[in-house]
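Peer 1:
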């Protein structure tokens, strides 16, 4: 089966990007990913507000 995992409703809060996608089971998830080099932080959330809160409070450990 081809990969059909694509993001829509992408927004950016500081260095963190938030995108909405559907997982394998068809449920909507919101991914928050830090775009700084060597940070590597990412997480999936069930609500967009939780992803936005995580993006606002994220602090990169690598400087």
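Residue numbers (UniProt numbering): 1 to 63.
The C-beta atom is built at its ideal place from N, Cα and C for all residues, glycine as well.
Only a predicted model underlies this, so the values are computations on that prediction, with no experimental measurement involved.
Work out the CA separation of residue 59 and residue 27 for me, nearest whole Å.
Peer 2: C-alpha separation (whole angstroms): 28 Å.
Peer 1: Could you pull the DSSP bridge partners for residue 37 from this structure?
Peer 2: Residue 37 pairs with nothing; no bridge assigned.
Peer 1: Quick one: Cα of residue 54 to Cα of residue 37, how far?
Peer 2: Their Cα atoms are separated by approximately 18 Å.
Peer 1: What runs of the alpha helix (DSSP H), each 4 residues or longer, lie entirely inside the region 8-59?
Peer 2: As far as the region 8-59 is concerned, its whole alpha helix (DSSP H) runs of at least 4 residues are 48-57.
Peer 1: Confirm the yes/no value for this check: CB of residue 18, any heavy atom of the ligand COA, distance under 7 Å.
Peer 2: The ligand COA is absent from the structure shown, which contains no ligand whatsoever.
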